[in-house]
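The block underneath contains the structure these notes are about, expressed in structure tokens.
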Amino acid sequence: MLAYKWDNSKMYNTRLKKYLPGGVHYNFRLPWEETPIHFVRGKDSRLWDMDGNEYLDFYAKFGAMIVGHNNQRYNEELKKWIGRAMAVNHTDLDTEVCELIIKHIPSAEMVRFGLSGTEMVQNALRLARAYTGKNRFIRFEGNYHGNADNIMGGRAIDRKRPVPKDYPGDYKGTLGRAKDILETQSFILPWNDLETLEEVVTTYADEICAIITEPISINGGGIMPQAGYLEKMRALCDEHNIVLIFDEIITGFRVGLGGGQALLNIKPDLTTLGKAMGGGGLPVSALVGKAEIMKLYESKKVIHAGTFNGYPLGLAAVKATLEILGEDNGSCYGRMAENAAQIYEIFKSAAKAVDLPLVIQGPLTCASYHCQEYEAKSPREISYDTQFKDIVINSSLAKYGILVSSISRMYLNITLNADDIEFFRERVSPALAEARQIIDDTFK
Ligand code: PMP
Numbered sequence: 083m084l085a086y087k088w089d090n091s092k093m094y095n096t097r098l099k100k101y102l103p104g105g106v107h108y109n110f111r112l113p114w115e116e117t118p119i120h121f122v123r124g125k126d127s128r129l130w131d132m133d134g135n136e137y138l139d140f141y142a143k144f145g146a147m148i149v150g151h152n153n154q155r156y157n158e159e160l161k162k163w164i165g166r167a168m169a170v171n172h173t174d175l176d177t178e179v180c181e182l183i184i185k186h187i188p189s190a191e192m193v194r195f196g197l198s199g200t201e202m203v204q205n206a207l208r209l210a211r212a213y214t215g216k217n218r219f220i221r222f223e224g225n226y227h228g229n230a231d232n233i234m235g236g237r238a239i240d241r242k243r244p245v246p247k248d249y250p251g252d253y254k255g256t257l258g259r260a261k262d263i264l265e266t267q268s269f270i271l272p273w274n275d276l277e278t279l280e281e282v283v284t285t286y287a288d289e290i291c292a293i294i295t296e297p298i299s300i301n302g303g304g305i306m307p308q309a310g311y312l313e314k315m316r317a318l319c320d321e322h323n324i325v326l327i328f329d330e331i332i333t334g335f336r337v338g339l340g341g342g343q344a345l346l347n348i349k350p351d352l353t354t355l356g357k358a359m360g361g362g363g364l365p366v367s368a369l370v371g372k373a374e375i376m377k378l379y380e381s382k383k384v385i386h387a388g389t390f391n392g393y394p395l396g397l398a399a400v401k402a403t404l405e406i407l408g409e410d411n412g413s414c415y416g417r418m419a420e421n422a423a424q425i426y427e428i429f430k431s432a433a434k435a436v437d438l439p440l441v442i443q444g445p446l447t448c449a450s451y452h453c454q455e456y457e458a459k460s461p462r463e464i465s466y467d468t469q470f471k472d473i474v475i476n477s478s479l480a481k482y483g484i485l486v487s488s489i490s491r492m493y494l495n496i497t498l499n500a501d502d503i504e505f506f507r508e509r510v511s512p513a514l515a516e517a518r519q520i521i522d523d524t525f526k
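For the sequence shown, the positions run 83 to 526 when the numbering used here is used.
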């Protein structure tokens, strides 16, 4: 089959570029160029663009879209709430939605809502500072916790006191990030490295208010925690009056109804949720956790603000999503995983046929592929060359109608079916043949 052309999308985007910088809503990953595809319609796992091209959507709006595009049941639930009280502080939906979240997330005793993951992470850190009276938090290489300056980028120069420092080329050489808060607010450590964690926590316990981590490093490349790592992290937090924050913006309601914490059987003190919790259609996030910490809001000594917090349509989206995902005891996760396993087998054999190395790792419903021979055990084990090759594969797949998220993540949804698997099978081979050519030309 022929690669897609995007004549209409490109023409439309040229017009848009006059008004919208770069013609994109998001330029995190620039400078490499993404072709802006303008979509007009979606149904289940499929999308259609302005040129009439059809896609299988594993991009899924960075993992948010878990109930599939235009899920009828989801849409009906939203419609029920449109036309009632759309923008008020409290409605008769609030309690039910809190109860639904608390039912599923093991560590959730109380809940607060927001719109984005970024803001929930910042609120979790503020609570942790208030609760412990300390200021500095620990974060990890390869993890991502939103686009606030105090938590993006930097690397530790001094391994004994690993404050993150800006360096030339950091975050693809982007400018404008505030420098002082990067260095004064956190320590940055390699992820999945128990020894370093233990050393830094015991040395600087008096300074550390929180450890924030993705329970499974999805942003780091789909990496599971090594045995005992999170358990030890939990124990260190208990021992040193440190708040353990799981950033489950991706894993929450995606790796299972109880998120990464249920899967791995570790209870953090605070958890951030977002993306899949709203099904994919509406932005809504939450901070959940121990009542003892969350009750700091009751004392009004800790601020949590936001114009649209708890907005009715967002909560309706959560209600619809959790009811859909929770049906039949969450059997959709098993089905998603079975489909995923088939798709990844097809993907790997197609790569083998064109002699490209390919590993697929991470939870089945949000795995990452890497164009290398071995599975990465830490984000450090995915080189720039591998990332480059992964991006080449990503763009080649798009040309043949398969969309995957940045850099190489595949977010599945509950509507995936046998037709979708066949669509993938037909498209993946020509896409990988093209990717192989580009990689060969680049690395010859
Ligand atoms: N935390 C994690 C783990 C994420 O993956 C993201 C988004 N990719 C965020 C936080 C930030 O969420 P948002 O983009 O909604 O601000």
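The beta carbon of each residue, even a glycine, is placed where N, CA and C say it ideally should be.
Ligand 1 heavy atoms versus the CB of Tyr226: any closer than 7 Å?
-> Looking up residue 226 in the sequence shown gives position 144. Yes, the Cβ of Tyr226 comes within 7 Å of a heavy atom of ligand 1.
Looking only at DSSP bridge pairs, what is Gly124 linked to?
-> In the sequence shown, residue 124 corresponds to position 42, counting from 1. Gly124 pairs with Leu129.
Report the residue from Arg336, Ile332, Gly302 and Pro350 whose alpha carbon sits nearest the alpha carbon of Glu313.
-> Reading the sequence shown from its first residue, position 231 is the one you call residue 313. For the set Arg336, Ile332, Gly302 and Pro350, the Cα lying nearest the Cα of Glu313 is the one of Pro350.
State yes or no: is the C-beta of Ser198 nearer than 7 Å to some heavy atom of ligand 1?
-> As a first step, residue 198 must be located in the sequence shown, where it is residue number 116. At a cut-off of 7 Å, the beta-carbon of Ser198 counts as near ligand 1: some heavy atom of the ligand is closer than that.
With a threshold of 7 Å, establish whether the CB of Ala301 neighbours any heavy atom of ligand 1.
-> Here residue 301 refers to the residue found at position 219 of the sequence shown. Note that residue 301 corresponds to Asn in the displayed sequence, not to Ala. Distances from the CB of Asn301 to the heavy atoms of ligand 1 include at least one below 7 Å.
Near Arg237, which residues of its chain fall below 8 Å by C-beta distance, leaving aside the five closest residues on each side in sequence?
-> As a working note, residue 237 is residue 155 in the sequence shown. Same-chain partners within the cutoff: Glu223, Pro246, Lys247, Tyr249, Asp252 and Ile270.
Taking the C-alpha atoms as reference points, what is the distance between Ala433 and Gln424?
-> Counting from one through the sequence shown, the residue named residue 433 turns up at place 351. Counting from one through the sequence shown, the residue named residue 424 turns up at place 342. The straight-line gap from Cα to Cα measures roughly 14 Å.
Assign Pro113 to one of three DSSP states: helix, strand, or coil.
-> In the sequence shown, the residue the question calls residue 113 occupies position 31. Because Pro113 sits at a pLDDT of 49, beneath the cut-off of 50, its placement in the model cannot be relied upon, and the following sentence gives the value as read from the coordinates. Pro113: coil per DSSP, three-state reduction.
For the beta strand (DSSP E) that contains Glu504, what are its first and last residues?
-> Here residue 504 refers to the residue found at position 422 of the sequence shown. That residue, Glu504, is in no beta strand (DSSP E); its alpha helix (DSSP H) goes Ala500 to Phe525.
Given Arg509, which residues of its chain have a CB within under 7 Å of its CB, disregarding the five upstream and five downstream residues?
-> Here residue 509 is taken as the residue at index 427 of the sequence shown, counted from 1. The answer, listed in chain order, is Tyr482, Gly483 and Ile484.
Per-residue burial, Asn95 [other beta carbons within 10 Å of its own, 16 or more giving buried] = Translated into the one-based positions of the sequence shown, residue 95 becomes position 13. Label assigned to Asn95: buried.
Is the segment 317–334 close to the segment 117–125, with three or more CB pairs under 8 Å?
-> Between the segment 317–334 and the segment 117–125 there are fewer than three C-beta pairs closer than 8 Å, too few to call the two in contact.
Given a threshold of 16 other Cβ atoms within 10 Å of its Cβ, counted over all protein chains shown, does Leu84 qualify as buried or as exposed?
-> Numbered from its first residue, the sequence shown carries residue 84 at position 2. With fewer than 16 Cβ atoms within 10 Å of its Cβ, Leu84 is classed as exposed.
Which two residues bound the contiguous beta strand (DSSP E) that contains Ser477?
-> By 1-based counting over the sequence shown, the position of residue 477 is 395. In this chain, Ser477 is not harboured by any beta strand (DSSP E); it is covered by the alpha helix (DSSP H) spanning Tyr466 to Lys481.
What is the C-beta distance between Arg128 and Tyr137, in whole angstroms, given that I count them as a contact (C-beta under 8 Å)?
-> Position 46 of the sequence shown, counted from the first residue, corresponds to residue 128. Position 55 of the sequence shown, counted from the first residue, corresponds to residue 137. The beta-carbon distance between Arg128 and Tyr137, rounded to whole angstroms, is 6 Å. This is short enough to meet the 8 Å contact definition.
Quick one: residues in its chain with C-beta nearer than 7 Å to the C-beta of Glu159, no 5 flanking neighbours on either side, listed in chain order?
-> Counting from 1 along the sequence shown, the entry for residue 159 is found at position 77. The residues are Ala398, Lys401 and Ala402.
Thr550 (DSSP reduced to helix, strand or coil) = In this structure the chain extends from 83 to 526, so residue 550 is not present and cannot be described.
Is the closest heavy atom of ligand 1 to the C-beta of Phe144 under 7 Å?
-> If you number the sequence shown from 1, residue 144 lands on position 62. Yes - ligand 1 has a heavy atom lying nearer than 7 Å to the Cβ of Phe144.
Exposed or buried, what is Tyr61 when buried is set at 16 or more other beta-carbons lying within 10 Å of its beta-carbon?
-> In the structure as shown, the chain begins at 83 and stops at 526. Residue 61 is therefore absent and cannot be evaluated.
Is the segment 298–306 in contact with the segment 449–456, if contact means three or more CB pairs nearer than 8 Å?
-> Three or more Cβ pairs closer than 8 Å define a contact, and the segment 298–306 meets that threshold against the segment 449–456.
Those residues which DSSP pairs with Ser268 across a bridge = Within the sequence shown, numbered from 1, the residue matching residue 268 stands at position 186. According to DSSP, which records beta bridges pairwise, Ser268 is partnered with Phe219.
So does Ile327 have its beta carbon nearer than 7 Å to some heavy atom of ligand 1?
-> Counted from its first residue, the sequence shown places residue 327 at position 245. Incorrect: Ile327 has no Cβ contact closer than 7 Å to ligand 1.
DSSP beta-bridge partners for Glu420?
-> Sequence index remark: in the sequence shown, residue 420 carries index 338 (1-based). Answer by DSSP bridge pairing: none, since Glu420 is not bridged.
Less than 7 Å between the CB of Ser490 and some heavy atom of ligand 1, yes or no?
-> Locating residue 490 in the sequence shown gives position 408, counting from the first residue. The answer is no for Ser490.
Within the 8 Å Cβ cut-off, does Asp501 reach chain B?
-> Absence of chain B from the displayed structure is noted, only one protein chain being present.
If you pair each beta-carbon of the segment 217–236 with each one of the segment 258–272, do three or more pairs fall below 8 Å?
-> Contact holds: three or more Cβ-Cβ distances are below 8 Å.
Locate the beta strand (DSSP E) running through Met192, then write down its first and last residues.
-> Taking the sequence shown and counting its residues from 1, the one referred to as residue 192 is at position 110. Per DSSP, Met192 belongs to the beta strand (DSSP E) from Met192 to Gly196.
Please indicate yes or no: does the CB of Gly236 lie closer than 7 Å to some heavy atom of ligand 1?
-> Locating residue 236 in the sequence shown gives position 154, where the first residue counts as 1. Because no heavy atom of ligand 1 lies under 7 Å away, the Cβ of Gly236 does not count as near it: no.
Taking the alpha carbon of Gln443 as the point to measure from, which residue in Lys471, Ser490 and Gly416 has its own alpha carbon closest?
-> Counting from 1 along the sequence shown, the entry for residue 443 is found at position 361. If we check each option's Cα against that of Gln443, Ser490 comes out closest.
Segment contact, 8 Å Cβ cut-off, at least three pairs: the segment 141–158 with the segment 515–523 = Cβ pair count under 8 Å is below three, so no.
Answer with buried or exposed for Glu409, where buried requires no fewer than 16 other C-beta atoms within 10 angstroms of its C-beta.
-> For this step, residue 409 is matched to residue 327 along the sequence shown. Counting other Cβ atoms within 10 Å of its Cβ, Glu409 stays below 16 and is therefore classed as exposed.
State yes or no: is the C-beta of Gly77 within less than 8 Å of the C-beta of Leu352?
-> For the chain, the structure presents residues 83 to 526; residue 77 sits outside this window and is missing.
Contact check, Ile348 vs Arg316, beta carbons under 8 Å | Position 266 of the sequence shown, counted from the first residue, corresponds to residue 348. Position 234 of the sequence shown, counted from the first residue, corresponds to residue 316. In contact: Ile348 and Arg316 (Cβ atoms closer than 8 Å).
Does the separation of the CB atoms of Ile164 and Leu395 fall below 8 Å?
-> Taking the first residue of the sequence shown as position 1, residue 164 is located at position 82. Taking the first residue of the sequence shown as position 1, residue 395 is located at position 313. Going by beta carbons, Ile164 and Leu395 fall inside the 8 Å limit.
Check whether the segment 256–263 touches the segment 193–211, taking contact to mean three or more Cβ pairs, one atom from each stretch, closer than 8 Å.
-> Using a C-beta cut-off of 8 Å, the segment 256–263 makes no contact with the segment 193–211, since fewer than three inter-stretch Cβ pairs fall below that distance.
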